[in-house]
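Note that the working numbering numbers the sequence shown so that position 61 is 66, with each residue one more than the last.
Ideal placement from N, C-alpha and C gives every residue a C-beta, glycine not left out.
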Amino acid sequence: MLPFFKHITTTLFTLLTISTIYLTITSQPPNKHTYHSIYALTPDNETVSRHLYALTRRPHLAGTEPNSETARYVLSAFNSYNAPAHQMFYEVSLSYPVHRSLTLSSDLSTGAVVQFSLTQEVYPGDPYVAEAAEVVPTFHAYAPTASVIGPAVYVNYGRAEDYDALHELGVNVSGAVVLARYGKIFRGDIVGNAYEAGAVGAVVYTDRKDYGGEVWFPDGRLMPPTGVQIGTVYWAAGDPSTPGWASRSGCERIEVEEMVARGDLPRIPSLPVSAVDGEAIMRAIGGPVAGDDWQGGDGGVVYRVGPGPGVLNLTYIGNQTLATIQNVFAVIKGVEEPDSNPSDGIHSGRYVLLGNHRDAWTFGAVDPNSGTAALLEIGSTEWVEENREMLKSKVVAYLNVDCAVSGPGFHASATPQLDDLLKQAAQQVQDPDNSSQTIYDSWIASKESSQIGRLGGGGSDYAAFVQHVGVPSVDMFFGGGKSCIYYVVQFVVETAASIWGLVALKLADEEVLPFNYISYASELLMSTKELEHELLGEPISLTSLFKSIEELEKAAIKINNEKKIYAPSKHNDYGSKSFPGIDDAVEKAKKLKTTESWHFVQHEIWRVSRAVTQASLVLNGEFT
C-alpha cells in the first residue's frame, strides 16, 4: 500500500493564526504590506506535519466515517483559532464497489485462463500495513453493474482520434473489451468513447512509459508496477441524483436510469488495472503492430491492436447509495467592509474563498491526475448550487489547491484576469530549492510550467465556481516532469501555502480588485484567430465575435459573466477550450457534414458574441 499524504488546510490555518496574532497585538489594523510580508514567512514545517498526519493516518473515502473524522478535525482546528466555523451536511449519491472480477483467456486451444487479483502490493516495511485493510478495492466510481466478455482491443489513450486510427486499420471494436492506458484525457471519456465505438467494456491501465520508471516507490518517487489509479467515470459535477439543485436530506431526486439517460453516467462497465496487469493483457493481443506513438517504453512488450486472440471477461457489481458528506467553513472577518446581518456563520460582505477537498480514494494521494476531484467535487458543487445567487453577487474569487505538491516546479491555471496577481504573489515568495531567487524567477525560467493554464476542465473543485456561477478562479500546485504519485517535501508545501495565502490577502485587501481584463480580451482574440484558422473554407462568419472582443478590449475594466468562455470539451473533461460550445458544435458538424449542423455552429458563435458584448456593457457601466 502506498502511504501518500495530502495537503489540506495549512493555508487557512495559517491565515487564522495571523489574524489571531494581530487581534492580540493591536486594535489597529497594521499596514497591509507588512502582514503580507509576514505571511510569506509564516508557514512552518511542524504545523504542516501535524496537519498532514492527522488528516492522512487512515483512508478516508467520501461518505465514510474516517472522512467524517477529518471533518471534525478541521472544524476543531478552525475553532481553536477563534474563527467562526461550522459544517454543512449533504446527502449525496455515491458509488462503492461490491464485487470485481477480470479474467483473460489467452490461449483458446488449451483453455488457460488468467485470473487477475486486482490488488496493489504492500511493500516490505510499509508502516501502513494495519490500515491497508480499510482501503477501498480498486474500482471506477459510478461504473454500471454488468458482466461482459469480448476480444481484447488496444485503443491507446482511448481518444476519438485513436478510434479513427483503428478504423483506418480496419480494426473492429464492436463487441470488444478495450484496453486503454491512462493519460491525455479523463478516464470517464475513455469509457464513453469506448461505448460510442461499440465496445462492451473497458480496462484502463497505468503504462510505465507515462507513470513508471526504473526506480519506483519506496526507493523512488515513481508509481510502482502494481500501483493502480482509482477514480471516477462520472462526467458531470455534483450529485448525479440532484442535477442543478442542492442535495439536502428529503429533496427531489432522479433515478439511476434517468442519470444514465441524461448522459452523465457510463453505459458500459470498466475497471482500472496496474502496469503489470496491463502488460499481461497486451501480450495476449495480436493483429497489426501499433504505431510508434502507441508503443510503450523501450525494451518492453510490442504493442499490437487486435482484436484478440485474447478474450477478456469483466464483471463489476457496484452499490450506488445515499451517503452523508460534510463541507467545513471558517470565516476570517474583514475590518474595512464590515459585515451586516450575519447568519448561519456566513456573512454578507464580499468573499475571497479558499478551497480544498479532504476526501481521498485511499490515504490522501498526491494524485497528479486529480483523480479524487470528481467524487470530492460533489461537496463543493452542492454548496454552489445551494448558494448560487449569493456567490454571483458577493464572491470576488475562488482559490483552489487540489494537490499542493506532486513534485518540484510551480504550476498555475487561472481565469485570465488573475494572471498578473499570480505573478505578483510568486515574486514575493522564496524558492525552496534556491534561496537566491523567488518562485517567480524559477517559474519563468522553466520551459514546462512558465505558461499560466486555463481552467476549462471539470477535474477539480473549481469547476462549479467557474462553470456554474462565473467566479474568477485559480488552481495552483507544485509538480513537474514525469507524472508521479509520490513527492512529499514539507518545505515545498509551506511554499505552496505562502503563495496561496498571499493571493487571497491581496484580493481581500485591495480597494480596487487587482484584476487585469486586458489579458482576458487578448486571450479571447487569440482563441478566435485559432478558431478562424480551423473554420477556413467553411460557410461560417466570425465577424460578430471579433467585434464583441474589440468592444471588450476597449471597455476592459471589469467583467463578470457566466463563463461561456472556459469549460471542458465533451470529448475530454480534463481539457480546456476557450469556446467549448463552439468547439463541440464544430466537431459534430465535421462528422455530420450537414447544412443544419453548420447552422448550429453559427448559432453558437452568435451566442458567445452576445455574452462578450454584454460583458463589455457591464464594464462601461451601461444597462444590459
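{"query": "Inter-stretch contact (C-beta, 8 Å, three-pair minimum) for the segment 221 to 232 and the segment 187 to 201", "result": "no"}
{"query": "Three-pair Cβ contact test at 8 Å for the segment 519 to 529 versus the segment 415 to 429", "result": "yes"}
{"query": "Residues near ASP349 by beta carbon distance below 8 Å, same chain, minus five either side", "result": "Residue placement at ASP349 is poorly supported in this model, since its pLDDT is 48, which falls under 50; the coordinates are not used for a value here."}
{"query": "Classification of SER254 by the beta-carbon crowding that lies within 10 angstroms, buried from 16 upward", "result": "exposed"}
{"query": "Cβ-based burial, GLU609 [other Cβ within 10 Å; buried from 16]", "result": "buried"}
{"query": "Where ALA328 falls: helix, strand or coil (DSSP)", "result": "strand"}
{"query": "Own chain, CB closer than 6 Å to PRO477, minus 5 neighbours either side, in chain order", "result": "ALA402, THR420, GLN422 and LEU423"}
{"query": "DSSP state of TRP603 mapped onto helix, strand, coil", "result": "helix"}
{"query": "One or two residues paired with GLN456 in a DSSP bridge", "result": "According to DSSP, which records beta bridges pairwise, GLN456 is partnered with nothing at all."}
{"query": "Sub-8 Å separation of ALA266 and VAL97 beta-carbons", "result": "no"}
{"query": "Entirely enclosed beta strand (DSSP E) segments - the segment 237 to 272, minimum 3 residues", "result": "none"}
{"query": "Within 8 Å, strictly: CB atoms of VAL613 and LEU550", "result": "yes"}
{"query": "Buried/exposed call for THR326, threshold 16 Cβ in 10 Å", "result": "exposed"}
{"query": "Three-way DSSP call (helix, strand, coil) for ILE190 in this model", "result": "strand"}
{"query": "Straight-line gap, LEU20 to LYS511 (C-alpha atoms, nearest Å)", "result": "Because LEU20 carries a pLDDT of 45, less than 50, the predicted location of this residue cannot be relied on, and no value is offered for it."}
{"query": "GLY315 to GLU539 span [Cα, whole Å]", "result": "41 Å"}
{"query": "Assumed close pair HIS473, ARG363 - CB separation to whole angstroms, cut-off 8 Å", "result": "Actually they do not touch by this definition, with Cβ atoms about 21 Å apart."}
{"query": "Cβ shell of GLU74 (< 8 Å), same chain only, five flanking positions each side left out", "result": "ARG63 and HIS65"}
{"query": "Inter-stretch contact (C-beta, 8 Å, three-pair minimum) for the segment 269 to 278 and the segment 230 to 250", "result": "yes"}
{"query": "Own chain, CB closer than 6 Å to ALA594, minus 5 neighbours either side, in chain order", "result": "SER602, TRP603 and VAL606"}
{"query": "Anticipated Cβ contact below 8 Å, LYS397 with ARG355, distance rounded", "result": "With a Cβ gap of about 12 Å, LYS397 and ARG355 do not count as contacting."}
{"query": "Spatially closest choice to GLU166 from ALA151, LEU359, ASP194 and GLY180, by CA coordinates", "result": "ASP194"}
{"query": "Beta-carbon spacing of ARG186, ASP212 below 8 Å", "result": "yes"}
{"query": "For GLY283, the first and last residue of its enclosing alpha helix (DSSP H)", "result": "280 to 288"}
{"query": "Per-residue DSSP class, three states only, for SER179", "result": "coil"}
{"query": "Collapsed DSSP secondary structure at ALA526 in the structure displayed", "result": "helix"}
{"query": "Alpha carbon of LEU57 to alpha carbon of ALA137, nearest angstrom", "result": "18 Å"}
{"query": "Status (buried if at least 16 other CB within 10 Å, exposed otherwise) for MET531", "result": "exposed"}
{"query": "Distance CB(ILE457)-CB(ALA417) smaller than 8 Å", "result": "yes"}
{"query": "Backbone secondary structure at HIS362 - three-state DSSP", "result": "coil"}
{"query": "Cβ pair GLY291, GLY313 closer than 8 Å", "result": "yes"}
{"query": "Contacts around TYR525, its chain only, beta-carbon distance under 8 Å, and the 5 residues preceding and following it disregarded", "result": "THR420, PRO421, GLN422, LEU557, ALA561 and ILE564"}
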